Structures are given as C-alpha cells and as structure tokens.
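Trainee:
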Amino acid sequence: MTSAGNPRTARDIARAERCFALARSTTFPAERDTAIAHGITIAEAAGIDLDRFDIPGRPPAAPKHHPMGFRSQPAPDDYSVDEIGDLMRAHHRHMEEARA
1 MTSAGNPRTA RDIARAERCF ALARSTTFPA ERDTAIAHGI TIAEAAGIDL
51 DRFDIPGRPP AAPKHHPMGF RSQPAPDDYS VDEIGDLMRA HHRHMEEARA
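Mind the numbering: the sequence shown is residues 1 to 100 in full-length UniProt numbering, read in order.
1. Which residue wins for smallest C-alpha separation from D33, given the options R89, A14, P56 and E44?
2. Using DSSP with H/G/I as helix, E/B as strand and the rest coil, what is A45?
3. Suppose the cutoff is 8 Å on Cβ atoms and the five residues either side in sequence are ignored; what does the same chain contact list for A100 look like?
4. Secondary structure at I55, three-state DSSP: helix, strand or coil?
5. Under the three-state reduction of DSSP, which class applies to A37: helix, strand or coil?
6. Tell me the DSSP secondary structure of F28 in three-state form.
7. In whole angstroms, what separates the C-alpha of A98 from that of T27?
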C-alpha cells in the first residue's frame, strides 16, 4: 500500500474526494453513480483504504480506535505510586524508541 505522504497518493486522494463531493452534490442518479464508481476506481488503483472517504450511500467505517474518556474514579488501590511511575517511565521510553 502506498504512503499518504507520497505526492501521487495525495493527488489521488484529492481526486477521489472530488468525485465523492460531486456525487453528494448532484441530483442526477446516473451522474452520482458514475462519480462514486470513478472515485472508488481512483482510490483502489492507488491502494488507498476506502474507509478514509465519505462515500455517498456507503455506511461510515467503524472507528478504529476507541475514544479516550476520563475516569471519574482514582486509580485502583493495587497500584502503588512507584509502580505507576515505573509504568509512565516505560511508556516514555517506548515513545522515544518509536520516534527514533
């Protein structure tokens, strides 16, 4: 699959998005269907996941990640302050390694 940072892929994303925008804006079924089909063809040829687009008549993709929420309760008692600090340091090291 191609990278979204690739200029060709960015151009293909923009082209497919314009097709889907046209499909949302037209009142003519044949034009709508043609625009959707063309946008899908562009995206698939470029290896772009169709879930990233708002395609008329296609249900939206399920979220890939659960939204984060705030806890209304404190951390469980079975975690000590030292253990939480160790977890935070391990997470920080992991994030630093991922950047490298």
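Beta carbons are placed, not taken as given, at the ideal position from N, Cα and C, and that holds for glycine. None of the values given here were measured: they were computed from a predicted structure.
Mentor: Answer, in terms of the structure:
1. As a working mapping, residue 33 is identified with position 33 in the sequence shown. The option with the nearest alpha carbon to D33 is P56.
2. Mapped onto the sequence shown, residue 45 falls at position 45. Here A45 sits in helix by DSSP.
3. Position 100 of the sequence shown holds residue 100. Exclusion of the five residues before and after A100 leaves no residue of its chain whose Cβ lies closer than 8 Å to its Cβ.
4. As a first step, residue 55 is located in the sequence shown; it is residue number 55 there, counting from the start. In the structure shown, I55 sits in coil (DSSP, three-state: anything other than H, G, I, E or B).
5. Residue mapping note: residue 37 aligns to position 37 of the sequence shown, counting from 1. Residue state, collapsed to three classes: helix.
6. The residue labelled residue 28 in the question sits at position 28 within the sequence shown. Note: F28 maps to coil in three-state DSSP.
7. Reading the sequence shown from its first residue, position 98 is the one you call residue 98. Reading the sequence shown from its first residue, position 27 is the one you call residue 27. Approximately 48 Å, taken between the alpha carbons.
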